[in-house]
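Structure first, then comments.
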Amino acid sequence: MDDGKSDTKEGKRQSAPHEPFLSHAPAPASSFIAVETTDAEYRLIVKLPGYRRDCIMLSTRRRRILHIAADSWEAGGGHFERRISFGYDADLTRVRAEFDGDHLRVLVPRKVIPVTWVGN
38 MDDGKSDTKE GKRQSAPHEP FLSHAPAPAS SFIAVETTDA EYRLIVKLPG YRRDCIMLST
98 RRRRILHIAA DSWEAGGGHF ERRISFGYDA DLTRVRAEFD GDHLRVLVPR KVIPVTWVGN
């Protein structure tokens, strides 16, 4: 007869012996992000050792925020996530990125903002 307590010990539910689907481990300590600014673009260099290209996501929010997220389920991996806010001169509709297996390079073009002079 099943009394509904076959998976309990002294009336307390036991957790299943498995690893969680998503790791809550922080990104490896060797991960970092650097930002360079030129007149034409913003350049982001993100070091993501141990991450695969298909586990990296870039998205934009509110036309001013670039969201970078990466997950690694390998030993020593973890979750990397950053949100970078840009000024109104960033053109987040034309973001380009490339990943070489260790570094993610993100280029965000800058809009040319016309300057209007009033005077004589």
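Counting in the numbering used here, the sequence shown runs from 38 upward without gaps.
C-beta: ideal position from N, C-alpha, C; glycine also.
Whole-angstrom distance between residue j and residue i, CA atom to CA atom
i: K84; j: G156; result: 49 Å
i: K148; j: S67; result: 33 Å
i: A71; j: R142; result: 10 Å
i: G138; j: G115; result: 16 Å
i: E78; j: G113; result: 34 Å
i: I95; j: F117; result: Checking the sequence shown, residue 95 turns out to be Leu, not Ile. L95 and F117: Cα-Cα distance of roughly 12 Å.
i: G124; j: A107; result: 24 Å
i: P146; j: A127; result: 6 Å
i: A134; j: E73; result: 15 Å
i: D91; j: F136; result: 10 Å
Beta-carbon spacing of residue i, residue j below 8 Å
i: R119; j: I105; result: yes
i: G87; j: S122; result: no
i: T75; j: V132; result: no
i: I82; j: H140; result: yes
i: L129; j: R80; result: no
Taking 8 Å as the cut-off, does the region 94 to 106 touch the region 149 to 157 (at least 3 CB pairs, one atom from each stretch)?
no
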